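Notes to accompany the following structure.
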Amino acid sequence: MGIEYRVPTEAEWPAMMRADARAFGWVPTPELIEQRRPSVDLDRFRIAVDAGQIIGVAGAFAFDITVPGGAAVPASGVTWVSVTATHRRRGVLTELMRLLDQQADERGEPVAVLFASEGGIYRRFGYGIATMMRWIEIERANAILRPDLPVDRDAVRYVEGDAARDHLASTWERYRRTRAGEISRDAVWHDQVHEMREKPTDGMSATFHLAHRDGYAAYRIRERWSGRPENRLELIEMVPVTEQAHLDLWATVFGVDLVGTIASKNLPSDEALPWLLTDVRPFGTTQLRDGMWAKVIDPAVVFGARTYGSDDRLVVEVDGVRWVIEHSAGEASCRRVRTRPDLVTDAASFGALLFGGTRASTLAAGRTLTARDGATLARADAFFVTGRAPHCSTWF
Numbered sequence: 001m002g003i004e005y006r007v008p009t010e011a012e013w014p015a016m017m018r019a020d021a022r023a024f025g026w027v028p029t030p031e032l033i034e035q036r037r038p039s040v041d042l043d044r045f046r047i048a049v050d051a052g053q054i055i056g057v058a059g060a061f062a063f064d065i066t067v068p069g070g071a072a073v074p075a076s077g078v079t080w081v082s083v084t085a086t087h088r089r090r091g092v093l094t095e096l097m098r099l100l101d102q103q104a105d106e107r108g109e110p111v112a113v114l115f116a117s118e119g120g121i122y123r124r125f126g127y128g129i130a131t132m133m134r135w136i137e138i139e140r141a142n143a144i145l146r147p148d149l150p151v152d153r154d155a156v157r158y159v160e161g162d163a164a165r166d167h168l169a170s171t172w173e174r175y176r177r178t179r180a181g182e183i184s185r186d187a188v189w190h191d192q193v194h195e196m197r198e199k200p201t202d203g204m205s206a207t208f209h210l211a212h213r214d215g216y217a218a219y220r221i222r223e224r225w226s227g228r229p230e231n232r233l234e235l236i237e238m239v240p241v242t243e244q245a246h247l248d249l250w251a252t253v254f255g256v257d258l259v260g261t262i263a264s265k266n267l268p269s270d271e272a273l274p275w276l277l278t279d280v281r282p283f284g285t286t287q288l289r290d291g292m293w294a295k296v297i298d299p300a301v302v303f304g305a306r307t308y309g310s311d312d313r314l315v316v317e318v319d320g321v322r323w324v325i326e327h328s329a330g331e332a333s334c335r336r337v338r339t340r341p342d343l344v345t346d347a348a349s350f351g352a353l354l355f356g357g358t359r360a361s362t363l364a365a366g367r368t369l370t371a372r373d374g375a376t377l378a379r380a381d382a383f384f385v386t387g388r389a390p391h392c393s394t395w396f
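So the sequence shown is residues 1 to 396, counted in the numbering used here.
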């Protein structure tokens, strides 16, 4: 009997979580297995079973994702993708990914997105890098905000417990529509993440929450002393709805005592903090790396939902299928056509264009897109890239 692919049963939940954790090199405790259960809809997961043992897992969360212009569309958040070491090179991953694509299409989710554990896996399945994330370290002693900036020193306060959870949840709903790539978070997500953040982890403190009327920040402290205090402040989230909140929250983070280094692995690629400093060099980018990857399931829906940087009409051929994307007077549409293409590309690069984080000219330089001519390529750059850089703050 061959490998069986199916929806897991309730009784298989613990084994499924252990199988996925094993592939990523860790062992979940019984308490964690129980804690994680409410966040997983088993009907949205698929397992590969061989001789009664789970040897492959893949699933998807359901949420809305913001596209350029502030509209939100349903998305399939691909997650928990793993195949055990005993069953490599047997087509298990390929079949699991096919089943997730089929599920997204059946559920009316026009785009699938994921975070990749390895950068060389998902392009062949039609996923392209849609957002970039900036990892940073700041030398606190030398990082000084410009004195001319209008910081409101009374705008930020610490919050704890349920007050922190509720403020973060309500603020997130306002923030997520301000930047393409951000996703919705349901009550289960807020409950589980708040519970985890209330506890120390990996040698760091429990989470401290800074609340602003138009934003919030969350951080942990890794204690370090070497004759003087050199604590490391790990910024988990910086969520400003307004530019003033961004300034006020950073000013408060800079005011935390006993800190030698401020670090974050979750900032957008266009983070503005360096421009607020008297000296940019204490702000160091340690990595500029791939963030969220995207695969277009229904081009008509997702490219028709977003806004564009110019009024134009471009025909894009994607793996042999041609789509015309039009934008005029604030209205956009996308449909299949047979006319001559302006751009020719593949599914992965089509996904990279969706959120406006990648220029067509960059893809052309990378030999994954061709344009009719240089003028058409310049039009495509002006068309697809618009507004702030896309970012996804929520790992899933």
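For glycine and all other residues, C-beta sits at the position ideal for the given N, C-alpha and C. Note that the structure is predicted; figures quoted are calculated from it, not measured.
Terminal residues of the beta strand (DSSP E) in which residue i lies
{"i": "F406", "result": "Residue coverage of the chain in this structure runs from 1 to 396, which leaves residue 406 outside it and unanswerable."}
{"i": "Y175", "result": "Run containing Y175: none in the beta strand (DSSP E); it sits in the alpha helix (DSSP H), 161-175."}
{"i": "I183", "result": "Taken as a continuous stretch (DSSP letters only), I183 belongs to no beta strand (DSSP E), as it is neither H nor E."}
{"i": "S328", "result": "321-328"}
{"i": "D64", "result": "53-66"}
{"i": "R222", "result": "215-222"}
Own chain partners of residue i with C-beta closer than 6 Å, once the 5 adjacent residues on each side are dropped
{"i": "S269", "result": "M132, R134, A389"}
{"i": "S328", "result": "D311"}
{"i": "V316", "result": "W323, L343"}
{"i": "V83", "result": "G56, V92, L93"}
{"i": "V159", "result": "H167, H209, A211"}
Which of helix, strand or coil DSSP assigns to residue i
{"i": "E234", "result": "strand"}
{"i": "A23", "result": "helix"}
{"i": "M1", "result": "coil"}
{"i": "S264", "result": "strand"}
{"i": "P14", "result": "helix"}
{"i": "S39", "result": "helix"}
{"i": "A332", "result": "strand"}
{"i": "I297", "result": "coil"}
{"i": "L93", "result": "helix"}
{"i": "R313", "result": "strand"}
{"i": "L32", "result": "helix"}
{"i": "P110", "result": "coil"}
{"i": "L145", "result": "strand"}
{"i": "G304", "result": "helix"}
{"i": "P229", "result": "strand"}
{"i": "P240", "result": "strand"}
{"i": "V280", "result": "coil"}
{"i": "V151", "result": "coil"}
{"i": "A272", "result": "coil"}
{"i": "R88", "result": "coil"}
Cross-strand partners of residue i (DSSP beta bridge)
{"i": "Q287", "result": "W135"}
{"i": "F115", "result": "M292"}
{"i": "C392", "result": "In the DSSP output, where bridge partners are listed per residue, C392 has none listed."}
{"i": "M399", "result": "Residue 399 is absent from the model: the chain starts at 1 and stops at 396."}
{"i": "F6", "result": "A quick correction: the sequence has Arg, not Phe, at residue 6. Partner(s): I47."}
{"i": "I121", "result": "DSSP, once it has assigned bridges, lists no residue as partnering I121."}
{"i": "A211", "result": "R157, Y216"}
{"i": "V318", "result": "V321, T345"}
{"i": "G128", "result": "A294"}
{"i": "V337", "result": "R322"}
{"i": "V259", "result": "N231"}
Residues of its chain near residue i, where Cβ-Cβ distance is below 7 Å and the 5 sequence neighbours each way are ignored
{"i": "V241", "result": "T171, R174, Y175, T178, D214, G215"}
{"i": "R306", "result": "V67, P68, G69, A71, A332"}
{"i": "V73", "result": "D64, I65, V67, P110, V111, V301, V302, A305"}
{"i": "G119", "result": "D290"}
Range of the contiguous alpha helix (DSSP H) that encloses residue i
{"i": "S397", "result": "Because the chain spans 1 through 396 in this model, residue 397 falls outside it and cannot be assessed."}
{"i": "F383", "result": "374-384"}
{"i": "V73", "result": "From DSSP, V73 is part of no alpha helix (DSSP H) but of the beta strand (DSSP E) over 72-83."}
{"i": "E243", "result": "243-254"}
{"i": "A371", "result": "Not the alpha helix (DSSP H): A371 falls in the beta strand (DSSP E), residues 369-371."}
{"i": "T362", "result": "360-365"}
Residue i at chain B interface by Cβ criterion, 8 Å
{"i": "G108", "result": "No chain B is present in this structure, which holds just one protein chain."}
Cut-off 8 Å between Cβ atoms - residues of its own chain near residue i, not counting five sequence neighbours on either side
{"i": "E271", "result": "R134, I136"}
Is there contact between the stretch 13-24 and the stretch 49-61, where contact requires at least three CB pairs shorter than 8 Å? yes
Are the stretch 136-144 and the stretch 254-263 touching, with three or more C-beta to C-beta distances below 8 Å? Enough Cβ pairs lie closer than 8 Å, so yes.
Are three or more beta carbon pairs between the stretch 98-105 and the stretch 241-250 nearer than 8 Å? no
Segment contact flag, the stretch 229-240 with the stretch 355-368, C-beta cutoff 8 Å, min 3 pairs: no
Any 3 or more C-beta pairs closer than 8 Å across the stretch 123-131 and the stretch 287-301: yes
Taking three-plus beta-carbon pairs below 8 Å as touching, is the stretch 37-56 in contact with the stretch 143-162? no
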